[in-house]
Each structure stands twice: as C-alpha cells, then as structure tokens.
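Q: Have a look at this one before I ask anything.
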Amino acid sequence: MALTTMLFVPADRPERFEKAAASTADAVVLDLEDAVAPENKEIARANVVKAALHKRTFVRVNPVQTELFLGDLLALARAGCGNVMLPKAEAIWELERVAAALGEDITIIPLIETAVGLDNARELAAHRTVPFVAFGSLDFALDMGCEHTQEALRFARQTLVFASRLAQKAAPIDGVTVAIDDYELIKAEATEARHLGFGGKLVIHPKQLAAVAEAFHPSDAEIAWATQVVEAVSANGTRAAKINGQMIDKPVMSRAEKILSRTSPTRG
Numbered sequence: 001m002a003l004t005t006m007l008f009v010p011a012d013r014p015e016r017f018e019k020a021a022a023s024t025a026d027a028v029v030l031d032l033e034d035a036v037a038p039e040n041k042e043i044a045r046a047n048v049v050k051a052a053l054h055k056r057t058f059v060r061v062n063p064v065q066t067e068l069f070l071g072d073l074l075a076l077a078r079a080g081c082g083n084v085m086l087p088k089a090e091a092i093w094e095l096e097r098v099a100a101a102l103g104e105d106i107t108i109i110p111l112i113e114t115a116v117g118l119d120n121a122r123e124l125a126a127h128r129t130v131p132f133v134a135f136g137s138l139d140f141a142l143d144m145g146c147e148h149t150q151e152a153l154r155f156a157r158q159t160l161v162f163a164s165r166l167a168q169k170a171a172p173i174d175g176v177t178v179a180i181d182d183y184e185l186i187k188a189e190a191t192e193a194r195h196l197g198f199g200g201k202l203v204i205h206p207k208q209l210a211a212v213a214e215a216f217h218p219s220d221a222e223i224a225w226a227t228q229v230v231e232a233v234s235a236n237g238t239r240a241a242k243i244n245g246q247m248i249d250k251p252v253m254s255r256a257e258k259i260l261s262r263t264s265p266t267r268g
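With the first letter of the sequence shown counted as 1, position 268 gets the number 268 in my numbering; the numbers rise by one all the way through.
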C-alpha cells in the first residue's frame, strides 16, 4: 500500500466525499475526530455508514481514551469499513481492540501524536494490521509544549522513520501543513519530509495535493542522474561502473532504481 497523499474530509460534510474520492489524492480520510464538532458526531457517523467506502477510503475515529470511540467502532462495523486511522495511538492493546471489533482483515494507520506514542512507535508499526504509521504533528507539538516547526519536530520525524524501518514497514506519512494557499511552503515542507525518509503527507485541503505530489515526485535532475547511472551500469554489463570519475556501486544503483520507480506513480 503505497500512498503519497491522504486527504482529510470532515465526515459531517457528505457532499465532499465523492469530490475527494475523484481528486488526485491517493487516499481519502473521512474524519470523525477533530474536524467534527461534538454536536455533529452522530450525523458524521451516519454519513460514514451510508457512504460508498472505496478501497483507499480510511475513517479516522475518535481516540480510544474517549467516550466516542465505542460508538465509532459500532458505526464502522455497520459500514463494513476496512481501513481505520487511529488518533493518539500509544499502545498495542488499542490496535487489538479495533481488530477485535472490525475483524482481522482490518488495516489500521496509527497516528503518532504524543510522546508515549513516539516512544512506542516501533511496536505500533510492527503490528500485523499496520502497513505504516502517520505523524500527527500538530497534536504532538501540543503534547510536547514545543512549536510546530520543522526544526522543533525533526527529532520526532527522524524517530518515526527509524522505527518504521526497524519494524520493516513502509515509510511513515508526515503530518499536515496548516497553510492552504502557500504552494511553495507546502512543497518545501513536503520536500523536507521526503528527505528525512517519509513516504507521503497528510493533506487537509485539495489545493495542497499538487504541491505535495510534486515534492515527492523525483525532480528532473534526479531522474536524469538515475537514468545515467542505470544506463552506465547496463552498458558496463556489471553492477558497477564509473560516471564522471565516481564509482557507481550497488547502493548507488539501488538508489537510482528507486528514483526511477517513483516516476510513474499509480493509484489503485
């Protein structure tokens, strides 16, 4: 399951569901948590039950620690939901509770939003239901009492990438950029995430999709370099070659192949 953009949609706004599904987002997250006011929770659940849940539609429930969680699970069971985003994930038992309610075929994306969650990130990532974890950077900054800046959150981001690799799972998904109309800022923050080893980014508005997609797509310079490496090695007939006086060995070749594999993203 390779996802670059995951677009949040408030679950109390059903008129946006199909528009989001038809967008360029790799996945849509129907949000029962932060985007829905308390008085609209029941309406939002009913909308999810009635919605056409596509293969890459996720539902973000309310945290396990809240009274709303059980009601969310019951609604998702009625909807036949197969993909869940679990906010403020901190412990394995939380994932087990979701799996027990919705079945062993469930896919769960733990949203790491607290210091405890970050400390347990490797264990959470390794769970059988989890293809990758995601970073809830806004709530994490609130929990830590730090600013929501690239510098302040770099350690947490690097820790998530490290934990995901140790768990042998896909690269994590980075948190949101609050700015909606600042294309260059969105692209810059997404580029920083890619450089750190993230596989994609959470998105709060369709206007952000193009900037994130561009940031995670290899640049023309990267594609040219990767193509040169692959062609040189192919012409040499071995897994080693020289380009501009530099030795190209297996790790460099693998990086070039990985870059070229990202030049034709597909949605499924």
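All residues carry an ideal CB built from backbone N, CA and C; glycine is no exception.
Can we count A77 as close to the ligand COA, meaning its CB is less than 6 Å from some heavy atom?
A: Absent from the structure shown: the ligand COA. Ligands present: none.
Q: Using only the alpha-carbon positions, how far apart do D31 and R165 sit?
A: Computed Cα separation, rounded: 28 Å.
Q: If I follow the unbroken alpha helix (DSSP H) through F162, where does it start and stop?
A: Counting along the chain, the alpha helix (DSSP H) containing F162 begins and ends at 150-166.
Q: Could you give the C-beta distance for V64 and R97, rounded to a whole number, given that I count them as a contact under 8 Å?
A: Between R97 and V64 the Cβ distance is about 7 Å, and since that is below 8 Å, they are a contact.
Q: Classify I180 as buried or exposed, calling it buried when 16 or more other Cβ atoms lie within 10 Å of its own Cβ.
A: Exposed: under 16 other Cβ atoms inside 10 Å.
Q: Below 8 Å CB to CB, which residues in the same chain sit around A46 once its five sequence neighbours on both sides are set aside?
A: If we look at A46 and ignore the five residues flanking it on each side, its Cβ neighbours are A75.
Q: Consult DSSP for R13 and reduce its assignment to one of helix, strand or coil.
A: Coil.
Q: According to the neighbour-count rule (16 or more other Cβ atoms, all chains shown, within 10 Å of its Cβ), is P110 buried or exposed?
A: By the neighbour-count rule (16 or more Cβ atoms within 10 Å), P110 is buried.
Q: With a threshold of 16 other CB atoms inside 10 Å of the CB of Q158, please say whether the residue is buried or exposed.
A: Flag for Q158 reads exposed.
Q: Would you mind sorting A52 into buried or exposed? The rule is 16 or more other CB atoms within 10 Å of its CB.
A: Per the 10 Å Cβ criterion, exposed.
Q: Flag this pair as yes or no: are the beta carbons of I108 and V130 separated by less than 7 Å?
A: Yes; because the gap between Cβ atoms is below 7 Å, this pair is in contact.
Q: Quick check: the Cα distance between H148 and V233, rounded to an integer number of angstroms?
A: In a straight line, the C-alpha of H148 is about 44 Å away from that of V233.
Q: CA-CA distance, A134 and M144?
A: Each residue's Cα considered, the two are about 17 Å apart.
Q: Taking the continuous alpha helix (DSSP H) assigned at D72, which residues delimit it?
A: Unbroken alpha helix (DSSP H) run through D72: 68-79.
Q: Given 8 Å as the limit, is there contact between the segment 174-193 and the segment 13-21, that is, 3 or more CB pairs closer than that?
A: Short answer: they don't touch.
Q: With a CB to CB cut of under 6 Å and the five nearest residues on each side skipped, what residues in its chain are close to A126?
A: Closer than 6 Å at the Cβ level, and outside the excluded window around A126, lie A167.
Q: Which of the three DSSP states is assigned to G200 in this structure?
A: Three-state result, G200: strand.
Q: Going by DSSP, what residues sit across from D31 in a beta bridge?
A: Answer by DSSP bridge pairing, in chain order: P10, R60.
Q: Among Q150, E39, A221, whose alpha-carbon lies nearest the alpha-carbon of L279?
A: Shown here, the chain extends from 1 to 268; a query on residue 279 therefore has no answer.
Q: If distances are taken between C-alpha atoms only, which option among E33, E67, N83 comes closest to R56?
A: Measuring from the Cα of R56, the nearest candidate turns out to be N83.
Q: Give the range of the beta strand (DSSP E) segment to which I112 is assigned.
A: Run containing I112: 107-112, per the beta strand (DSSP E) assignment.
Q: Quick one: what does DSSP say A221 is sitting in, helix, strand or coil?
A: It is helical.
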